[in-house]
Amino acid sequence: MPVLFALSSVLLNCLLVILLSVYSVRQERIEVMSLDKVLYQATATATGGRDGRAVTRDGMVDLRLTTPKELGGFGGDGVNPEQLFACGYSACFLGAMKFVAMRDKLAMPSNSQVTGTVGIGPIATGFGLEVALTIYVPNMPLEQAQLLVERAHQVCPYSNATRQNIDVRLHVITDQALLSI
Numbered sequence: 361m362p363v364l365f366a367l368s369s370v371l372l373n374c375l376l377v378i379l380l381s382v383y384s385v386r387q388e389r390i391e392v393m394s395l396d397k398v399l400y401q402a403t404a405t406a407t408g409g410r411d412g413r414a415v416t417r418d419g420m421v422d423l424r425l426t427t428p429k430e431l432g433g434f435g436g437d438g439v440n441p442e443q444l445f446a447c448g449y450s451a452c453f454l455g456a457m458k459f460v461a462m463r464d465k466l467a468m469p470s471n472s473q474v475t476g477t478v479g480i481g482p483i484a485t486g487f488g489l490e491v492a493l494t495i496y497v498p499n500m501p502l503e504q505a506q507l508l509v510e511r512a513h514q515v516c517p518y519s520n521a522t523r524q525n526i527d528v529r530l531h532v533i534t535d536q537a538l539l540s541i
């Protein structure tokens, strides 16, 4: 679990740096959400860019980074920022679902899953991301699962950080939805 929290915080910090750099390039007035209170912080250092290493200050995460062949790299057995973002967003979104279920007294199945897919590609100002989250909530009526996902999307830190900045698509799947296919 410490690795997932560290990855989530590392990726959120990376995203905030990207958002702040977009702000400084555009020179537009963007209202930024400020935390009322910092509950947890993670710190990581990357060296070597996409073909380097990323290490958290506490040593819980130490990763070799490699650039995918699709982005002009050699591939290899390391990870890349898009994979880490997909892991972090998926874990964080599932945590937001659990939070909402507890807050709203909903019975959320313990075997629910969130699968994140992160794409990278060119945009007018450089490169951008898109995210698709496939949320599997077994044994829950589709309408209830969709409501849970919509509420989780409002409280998830990753969703709040990416809102109006990148395309995030949510796909809800339940056993009921599978039966109707």
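Each step along the sequence shown adds one to the number in this note's numbering, with nothing skipped, and position 177 is 537.
Glycine residues also receive a C-beta, built at the ideal position from the N, C-alpha and C atoms.
Please indicate yes or no: does the CB of L508 lie closer than 6 angstroms to some heavy atom of the ligand GDP?
-> In terms of ligand content, the structure shown is empty, and the ligand GDP therefore cannot be addressed.
Whole-angstrom Cβ separation of A492 and H531, contact assumed at under 8 angstroms?
-> 7 angstroms
For T485, which option in T477, T407, A512, N525 has the closest C-alpha, if you only look at C-alpha atoms?
-> N525
Pairing CB atoms from the stretch 494-504 with CB atoms from the stretch 424-434, are three or more of them under 8 angstroms?
-> no
From the DSSP output, which residues share a beta bridge with Q473?
-> When DSSP reads this structure, Q473 sits in a beta bridge with Y496.
Start-end ranges of the beta strand (DSSP E) lying completely within the stretch 414-471, minimum 3 residues = 422-424
Does DSSP put V515 in a helix, in a strand, or in coil?
-> Helix, per DSSP.
G409 - DSSP class collapsed to helix/strand/coil | helix
Based on the DSSP secondary-structure assignment, which residues constitute the bridge partners of I526?
-> Answer is none; I526 lacks a bridge partner.
By Cβ distance below 8 angstroms, which residues in the same chain neighbour S348 in space, the five residues on each side in sequence not counted?
-> Past the edges of the chain, shown from 361 to 541, lies residue 348, and the structure says nothing about it.
Run through DSSP, which three-state label would E391 get?
-> coil
Quick one: what does DSSP say L502 is sitting in, helix, strand or coil?
-> helix
Closest by C-alpha distance to A467, when choosing among G436, P482, M500, A456 | M500
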